[in-house]
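Engineer: Note that this note's numbering has the sequence shown beginning at 54, numbered continuously upward.
Even glycine gets a Cβ: it sits at the ideal position worked out from N, Cα and C.
Below: one structure in structure tokens.
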Amino acid sequence: MPLPVRAIQITELSGPRSALAEADVPEPEPSHPMTPGGGVVVEVHAAGVSFPELLQTRGEYQLKPPLPFVPGSEVGGVVRSAPEGAAVSEGDRVSAFCMLGGFAEVAVAPEFFAFPLSGELDFAQGAGLILNYHTAYFALKLRGRLGDGESVLVHGAAGGVGTAALQVAKGLGARTIAVVSTDEKEQVAREAGADEVVRSDGPWKDEAKEWSDGGVDVVVDPVGGDRFTDSLRSLAEGGRCVVVGFTGGSIPEVRVNRLLLNNVEVVGAGWGAYVMSKPDVNREIGAEIGRLVDEGFVRPIVGARFPLEGAADALELLDSRGATGKVVLDVR
Ligand SMILES: NC(=O)c1ccc[n+]([C@@H]2O[C@H](COP(=O)([O-])OP(=O)(O)OC[C@H]3O[C@@H](n4cnc5c(N)ncnc54)[C@H](OP(=O)(O)O)[C@@H]3O)[C@@H](O)[C@H]2O)c1
54 MPLPVRAIQI
64 TELSGPRSAL
74 AEADVPEPEP
84 SHPMTPGGGV
94 VVEVHAAGVS
104 FPELLQTRGE
114 YQLKPPLPFV
124 PGSEVGGVVR
134 SAPEGAAVSE
144 GDRVSAFCML
154 GGFAEVAVAP
164 EFFAFPLSGE
174 LDFAQGAGLI
184 LNYHTAYFAL
194 KLRGRLGDGE
204 SVLVHGAAGG
214 VGTAALQVAK
224 GLGARTIAVV
234 STDEKEQVAR
244 EAGADEVVRS
254 DGPWKDEAKE
264 WSDGGVDVVV
274 DPVGGDRFTD
284 SLRSLAEGGR
294 CVVVGFTGGS
304 IPEVRVNRLL
314 LNNVEVVGAG
324 WGAYVMSKPD
334 VNREIGAEIG
344 RLVDEGFVRP
354 IVGARFPLEG
364 AADALELLDS
374 RGATGKVVLD
384 VR
């Protein structure tokens, strides 16, 4: 009989403070719902905390497993076992996307979502490497068609997706301008390599146009809300505004005459839905992120860290707009 493992479960859909409970759960089998009968079993050292888990505590995320369940989409740890043909094997340090189950001492990921973790990165950084960096690469390169020497404006630039987008854009040869709301977040955006930082409550659109000599080539927008029209106005001819999320709370609407008048595009980037059924795309993005780690461009910025039982505090930090970089649970 396998021993139970320590975990955090979502037991009701009442928000981060009251939805969570500690539990001893059975150690997972080496099988993942995306790859039934196979999976990489990971001894979790650090679990990444992200917006999907926050939304899951309210039942507002598209994935709605029956209660109770263990949330946690990604982890950094050590491989306990891996199926034949996987890119990792027993004892390897690994960065893995498990979708659910990461807030636990042991988790399982599909083979195509487990990547060897570079010796340059610690486990906490490994727990921040897939969701945000794969999304950033997908948004910038595959959806935004970012070219060498182009300019990129990043909203929410001190956050998880934001810091990742700044680093990946740099690695792809772009110049970057970051939009943030506070002094502390300006520091974080600079640490992530932003060439210029402007304030979300200031004249950021005009500052971006001046900085880019008339307009930026790509906007990465995980925030949405009121600023969307100004994002379109800040684009150069042929520019692309890539929609990534709506942390600002409201989903913007576009008057499409703006697209016609200025020859610009709005592009959606839904990473999860796109890659889940495409193992080869995952491997390719993983290889590109691995290259950017090796070349020194990608270094996940870990912000607040909590013990496993502090998961509610971690989620409340995201909820209150207080997080910078990647929020992580130290599981061991
Ligand atoms: N499309 C995809 O495939 C994909 C993949 C991963 C994540 N996402 C989404 O991307 C979004 C960002 O995720 P993240 O992990 O980067 O989050 P995060 O670390 O919390 O950063 C979000 C940023 O949004 C800004 N923001 C503005 N208004 C806010 C508000 N009312 N509440 C919270 N933040 C607010 C904040 O920056 P300022 O304070 O500087 O404005 C904050 O730093 C989420 O909606 C997430 O679901 C989408």
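Quick check: is the beta carbon of A60 nearer than 8 Å to any beta carbon in chain B?
Structural biologist: Given the protein chain composition of this structure (a single chain), no chain B is represented.
Engineer: Within the same chain, show all residues whose beta-carbon is closer than 6 Å to that of G181, passing over the 5 residues directly before and after it, in chain order.
Structural biologist: Closer than 6 Å at Cβ, skipping near neighbours: G101, P353 and K379.
Engineer: Would you give the residue range spanned by the alpha helix (DSSP H) that K379 belongs to?
Structural biologist: Premise fails: K379 lies in the beta strand (DSSP E), K379 to D383, not in any alpha helix (DSSP H).
Engineer: Do you know how far the Cα of S71 is from the Cα of L195?
Structural biologist: Between L195 and S71, the C-alpha separation is close to 39 Å.
Engineer: Given 7 Å as the limit, tell me if A376 has its C-beta closer than that to any heavy atom belonging to ligand 1.
Structural biologist: The answer is yes for A376.
Engineer: Can you list, in chain order, the residues of its chain whose CB lies under 8 Å from that of G90, leaving out five sequence neighbours each side?
Structural biologist: Only S84 meet the Cβ criterion.
Engineer: With DSSP run on the structure shown, which of helix, strand or coil describes R111?
Structural biologist: Coil, per DSSP.
Engineer: For E127, which of helix, strand or coil comes out of DSSP?
Structural biologist: Note: E127 maps to strand in three-state DSSP.
Engineer: Starting from the C-beta of L371, find all residues in its chain whose C-beta is less than 6 Å away, skip the five residues before and the five after it, and write them out in chain order.
Structural biologist: Result list for L371: L107, in chain order.
Engineer: Taking the straight line between their C-alpha atoms, what separation do you get for E263 and E249?
Structural biologist: One C-alpha to the other measures close to 11 Å.
Engineer: Going by C-alpha to C-alpha distance, which of F150, A60, A245 and T300 sits closest to E80?
Structural biologist: Ranking the options by Cα distance to E80, first place goes to A60.
Engineer: Which value, in whole angstroms, describes the spacing of the CA atoms of V272 and F299?
Structural biologist: Between V272 and F299, the C-alpha separation is close to 14 Å.
Engineer: Hey, how far is the Cα of P389 from the Cα of G112?
Structural biologist: The shown model of the chain, from 54 to 385, leaves out residue 389, and the question about it has no answer.
Engineer: Quick check: what's the CA-CA separation for G202 versus G224?
Structural biologist: Approximately 11 Å, taken between the alpha carbons.
Engineer: Put A76 into one of helix, strand or coil per three-state DSSP.
Structural biologist: The answer is strand: DSSP assigns A76 an E or B state.
Engineer: Only counting runs of 4 or more residues, tell me where the alpha helix (DSSP H) segments fall wholly within the segment 265-346, in order along the chain.
Structural biologist: You should have 281-286, 310-315 and 324-328.
Engineer: Taking the alpha-carbon positions, what's the F191 to R198 distance?
Structural biologist: Computed Cα separation, rounded: 9 Å.
Engineer: With hydrogens ignored, establish whether the beta-carbon of K238 is closer than 7 Å to any heavy atom of ligand 1.
Structural biologist: K238: yes, Cβ under 7 Å from ligand 1.
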